[in-house]
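Sequence order for the protein chains is Z and H. Everything in the first sequence is counted per the working numbering, starting at 2 for the first residue and increasing by one. Everything in the second sequence is counted per the working numbering, starting at 2 for the first residue and increasing by one. Ideal placement from N, C-alpha and C gives every residue a C-beta, glycine not left out.
There are 2 protein chains.
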Amino acid sequence: MNKRIGERTLYFPSRPSVHGFYSVVGEKESQGPLKDWFDLSIGEGHFGEDSWEKAESKLMETAALGAINRAGLTPEQIQCFLGGDLLNQCISANYASRSLQIPFLGLYGACSTMAESLIAGSVFVDGSFGDYALCATSSHFCSAERQFRFPLEYGGQRPPTAQWTVTGSGACVLSSQGNGPSITHATIGKVVDAGITDLNNMGAAMAPAACDTLITFFKDTKTAPKDYDMIFTGDLGEIGKKLLHQLLQDQNFGAVDNLEDCGCLIFDNETQDTHAGGSGCGCSASVLNSYILKKMQKKELKKILFMATGALMSPTISMQGESIPGIAHLIQLEN
Amino acid sequence: MNKRIGERTLYFPSRPSVHGFYSVVGEKESQGPLKDWFDLSIGEGHFGEDSWEKAESKLMETAALGAINRAGLTPEQIQCFLGGDLLNQCISANYASRSLQIPFLGLYGACSTMAESLIAGSVFVDGSFGDYALCATSSHFCSAERQFRFPLEYGGQRPPTAQWTVTGSGACVLSSQGNGPSITHATIGKVVDAGITDLNNMGAAMAPAACDTLITFFKDTKTAPKDYDMIFTGDLGEIGKKLLHQLLQDQNFGAVDNLEDCGCLIFDNETQDTHAGGSGCGCSASVLNSYILKKMQKKELKKILFMATGALMSPTISMQGESIPGIAHLIQLEN
Numbered sequence: 002m003n004k005r006i007g008e009r010t011l012y013f014p015s016r017p018s019v020h021g022f023y024s025v026v027g028e029k030e031s032q033g034p035l036k037d038w039f040d041l042s043i044g045e046g047h048f049g050e051d052s053w054e055k056a057e058s059k060l061m062e063t064a065a066l067g068a069i070n071r072a073g074l075t076p077e078q079i080q081c082f083l084g085g086d087l088l089n090q091c092i093s094a095n096y097a098s099r100s101l102q103i104p105f106l107g108l109y110g111a112c113s114t115m116a117e118s119l120i121a122g123s124v125f126v127d128g129s130f131g132d133y134a135l136c137a138t139s140s141h142f143c144s145a146e147r148q149f150r151f152p153l154e155y156g157g158q159r160p161p162t163a164q165w166t167v168t169g170s171g172a173c174v175l176s177s178q179g180n181g182p183s184i185t186h187a188t189i190g191k192v193v194d195a196g197i198t199d200l201n202n203m204g205a206a207m208a209p210a211a212c213d214t215l216i217t218f219f220k221d222t223k224t225a226p227k228d229y230d231m232i233f234t235g236d237l238g239e240i241g242k243k244l245l246h247q248l249l250q251d252q253n254f255g256a257v258d259n260l261e262d263c264g265c266l267i268f269d270n271e272t273q274d275t276h277a278g279g280s281g282c283g284c285s286a287s288v289l290n291s292y293i294l295k296k297m298q299k300k301e302l303k304k305i306l307f308m309a310t311g312a313l314m315s316p317t318i319s320m321q322g323e324s325i326p327g328i329a330h331l332i333q334l335e336n
Numbered sequence: 002m003n004k005r006i007g008e009r010t011l012y013f014p015s016r017p018s019v020h021g022f023y024s025v026v027g028e029k030e031s032q033g034p035l036k037d038w039f040d041l042s043i044g045e046g047h048f049g050e051d052s053w054e055k056a057e058s059k060l061m062e063t064a065a066l067g068a069i070n071r072a073g074l075t076p077e078q079i080q081c082f083l084g085g086d087l088l089n090q091c092i093s094a095n096y097a098s099r100s101l102q103i104p105f106l107g108l109y110g111a112c113s114t115m116a117e118s119l120i121a122g123s124v125f126v127d128g129s130f131g132d133y134a135l136c137a138t139s140s141h142f143c144s145a146e147r148q149f150r151f152p153l154e155y156g157g158q159r160p161p162t163a164q165w166t167v168t169g170s171g172a173c174v175l176s177s178q179g180n181g182p183s184i185t186h187a188t189i190g191k192v193v194d195a196g197i198t199d200l201n202n203m204g205a206a207m208a209p210a211a212c213d214t215l216i217t218f219f220k221d222t223k224t225a226p227k228d229y230d231m232i233f234t235g236d237l238g239e240i241g242k243k244l245l246h247q248l249l250q251d252q253n254f255g256a257v258d259n260l261e262d263c264g265c266l267i268f269d270n271e272t273q274d275t276h277a278g279g280s281g282c283g284c285s286a287s288v289l290n291s292y293i294l295k296k297m298q299k300k301e302l303k304k305i306l307f308m309a310t311g312a313l314m315s316p317t318i319s320m321q322g323e324s325i326p327g328i329a330h331l332i333q334l335e336n
């Protein structure tokens, strides 16, 4: 049996189900519009650790254990952990794996990692390689700023196009059994590079990839935006979301009113001074594993698309003059 | 149907087959003991590019296109590219993907990435999500040294425990059809941390993880080292290999005479001054996709284990005093 339709959309006959999910966020996120949806706020960003990186790894470990616990399981019962993060060498995921002791496949998809892990996890459980797969990712404002831009102590100015990396982590356990929200389809992204070289304009670097994956999915599944209750993009932010709307209009998709972006949902720019909105793998991961999945559990959303977008940017190669490639991975979730 | 045996070994009923493979190496590697086995030597390390990172990405792209060509395919016919590398944000794989335009799932497993990509690729094709999956990884001595240790211009002394990062890439195309060497089983590694903090002693950081995965595989499959023509470890180097032999003896496995390490095979330390041997994802990738698979094609090897080992080291967290976690992923290949 071939589990593909169209050019590059996968479908999962066993409908891998979200068995348990959990979100952990930082102080700023816990004061934003979604404050009542998250499971845990860590308050000040150190989370009891002596470095931002160790704090971020603890964020992921906490989210993972929360999701496993909600699924009524123990780490020993999970056959594979598929996860990654933004830090060089995926520090957060590696050290979380050291504690969790679950067989581990490390992923790197920049901010697209939550959707990438859900695709890889669905492939794993739908293929009968395990009863349960753990999918998780994280980001931290302070570790990301110093790695990708400047250390916070430098006090660099953030331009209006800049996004605010979310301090947070989201995790969920997928199972081929169960009656939680189910992953029915997925489209793996291709790398799309629109020639953006500005490290402070991730939205513009990611929007073309988002458009490519979304339109491919619609063509492959012979569906249209109106067939879904909501379409959630990962962390395009205000600028990227506007660009995606424009690109979809250029491709004759008209106004897509039911498209919202996790980076726009998580902060209130009026009061929180986040410029173009939230970003980081932890952005779409924490919004999916709280607001979106809880709305699905309450049957307020029945059929949605979740597309996390990643700017595959590297300061090293950017300084060598290269542009920033984007990628977007998509899953369809249904009650 | 459950495709697991024992604690955490997967098996692949469709026996994903290596449909085409290709290896590209640098000048030093092309002068070593395996010089007659590689497909292409790039000579001087720039490979016509103006930076080591761009050269490394071109290495991976070249190996990928070589493997696709050997498989008698074009990139459009491949449903998924599963790959990664050592560079921050996986520069090589991201930019190779931009050229190849194959749906891309980025992986990070440090030097274990070749085996990780083969496991993920086997799960993908065995699960009927694609006819063909591309698996590839790369490393480059010059880009790795400046990222993980010191820029070459600094002229740092290399201690005797240091390994020499291989400049090279290996790629292969997996298919659920075909009669090439087949992947029958795989064991996904857990993170094992023996407390090593020396960034110049990767072998010691990886050997305990290698021992853990190998012994788990033997228990799960009820087999022993003698059941295999050869067991190839990824890049433990001289020190790591010696430690693995010792650890296996401590676990009552006796002398495992048919265990060899890609990092020990690729260089001649007597004449090439590589200290503890070769390392980097490109080490096991280029040795597998030349020497090992060609020996299998010639029926000189019929049933082997390939276990790539990774030191999940990050200079950032190492400077914060953390130890270096290790991981090892294993596949069984049969004619």
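Three-pair Cβ contact test at 8 Å for the region 274-284 of chain Z versus the region 232-251 of chain Z: The region 274-284 of chain Z vs the region 232-251 of chain Z: in contact.
Beta-carbon spacing of A312/Z, C112/Z below 8 Å: When the beta-carbon positions are compared, A312/Z and C112/Z come within less than 8 Å of each other.
Residue nearest to L60/Z in terms of C-alpha spacing, selected from V288/Z, H47/Z, A208/Z, N201/Z: Of the candidates V288/Z, H47/Z, A208/Z, N201/Z, the residue whose Cα lies closest to the Cα of L60/Z is H47/Z.
Any 3 or more C-beta pairs closer than 8 Å across the region 257-271 of chain Z and the region 288-295 of chain Z: With the rule of 3 Cβ pairs closer than 8 Å, the region 257-271 of chain Z counts as touching the region 288-295 of chain Z.
Interface residues of the region 111-141 of chain Z facing chain H [CB-CB below 9 Å]: Within the region 111-141 of chain Z, contact with chain H at the beta-carbon level (separation under 9 Å) is assigned to A111, S113, T114, E117, I120, A121, V124, F125, D127, G128, S129, F130, G131, D132.
Chain Z within 8 Å of Y229/H, Cβ atoms only: It does not: the Cβ of Y229/H has no partner Cβ on chain Z nearer than 8 Å.
DSSP state of V167/H mapped onto helix, strand, coil: Collapsing the DSSP output to three states places V167/H in coil.
Span of the alpha helix (DSSP H) around Y133/Z: Residue range 133-140 is occupied by the beta strand (DSSP E) that includes Y133/Z, with no alpha helix (DSSP H) assigned at that position.
From N336/Z, Q148/Z, P209/Z, A256/Z, residue whose alpha carbon lies closest to that of A309/Z: The option with the nearest alpha carbon to A309/Z is P209/Z.
Positions along the region 54-88 of chain H whose CB lies within less than 8 Å of some CB in chain Z: Cβ contacts with chain Z: E54, K55, Q80, C81, G85, L88.
Where E261/Z falls: helix, strand or coil (DSSP): Strand at E261/Z.
DSSP-derived helix/strand/coil call for Q333/H: Strand at Q333/H.
Interface partners of I184/Z on chain H, CB under 7 Å: Ordered by position in chain H, no residue passes the 7 Å Cβ test against I184/Z, which lies about 13 Å from the chain.
Cα-Cα separation between D132/Z and K4/H, rounded to whole angstroms: C-alpha separation (whole angstroms): 10 Å.
Per-residue contacts from Q321/H into chain Z (C-beta, under 8 Å): The contacting residues are D51, S52, E54, K55.
Chain-ordered neighbours of P326/H on chain Z, where CB pairs are closer than 8 Å: Residues of chain Z with a Cβ closer than 8 Å to the Cβ of P326/H are, in chain order, N95, Y96, S98, R99.
Pair within 8 Å by beta-carbon distance, S139/H and S170/H: It is a contact, given that the beta carbons lie within the stated cut-off.
Beta-carbon proximity of F13/H to T185/H, cut-off 8 Å: For the pair F13/H and T185/H, the CB atoms are nearer than the 8 Å cut-off.
Residues of the region 5-24 of chain H with Cβ closer than 8 Å to any Cβ of chain Z, in chain order: The residues in question are R5, R9, L11.
Residue from R159/H, A68/H, R150/H, P226/H with nearest C-alpha to T320/H: For the record, residue 320/H in the displayed sequence is Met; it is not Thr. Among R159/H, A68/H, R150/H, P226/H, the Cα nearest to that of M320/H is on R150/H.
Bridge-paired residues (DSSP) for V304/Z: Per the sequence shown, the amino acid found at residue 304/Z is Lys instead of Val. In the DSSP assignment, the residues bridged to K304/Z are E335/Z.
Beta strand (DSSP E) segment containing D86/Z, residue limits: Note, D86/Z: beta strand (DSSP E), 81-86.
Interface residues of chain H facing N3/Z [CB-CB closer than 7 Å]: Residues of chain H with a Cβ closer than 7 Å to the Cβ of N3/Z are, in chain order, S129.
Contact set between D236/Z and chain H, taken where Cβ atoms lie within less than 8 Å: What D236/Z touches in chain H: nothing, since even the nearest Cβ is about 16 Å away.
Members of the region 186-202 of chain H near chain Z, C-beta cut-off 7 Å: Cβ contacts with chain Z come from I189, G190, K191, V192, D194.
Test item: CB-CB of I79/Z and L106/H under 8 Å: Not a contact, by the Cβ cut-off of 8 Å.
Given 8 Å, three or more beta-carbon pairs between the region 113-131 of chain H and the region 14-27 of chain H: Yes, since at least three Cβ pairs between the region 113-131 of chain H and the region 14-27 of chain H fall closer than 8 Å, the two stretches touch.
Test: M308/H CB closer than 8 Å to a CB of chain Z: No - not a single Cβ of chain Z is within 8 Å of the one on M308/H.
Proximity of G322/H and V167/H at Cβ, strictly below 8 Å: The answer is no: Cβ separation not under 8 Å.
I232/H, enclosing beta strand (DSSP E) - first and last residue: Secondary structure note for I232/H: its beta strand (DSSP E) is the uninterrupted segment 231-234.
Chain Z contact residues for L313/H, given Cβ-Cβ distances below 7 Å: For the C-beta of L313/H, the chain Z residues within less than 7 Å are, from N- to C-terminus, Q90, N95.
V174/H, DSSP secondary structure in three states: Look at V174/H here: in three-state DSSP terms it is strand.
Any chain Z beta carbon closer than 8 Å to T317/H: At least one CB atom of chain Z sits nearer than 8 Å to the CB of T317/H.
Residue from I332/H, S176/H, N270/H, P161/H with nearest C-alpha to G21/H: Per the Cα distances, S176/H.
Alpha carbon of V257/Z to alpha carbon of M231/Z, nearest angstrom: The straight-line gap from Cα to Cα measures roughly 10 Å.
Beta bridge counterpart(s) of A187/Z as assigned by DSSP: According to DSSP, A187/Z bridges with L11/Z, I332/Z.
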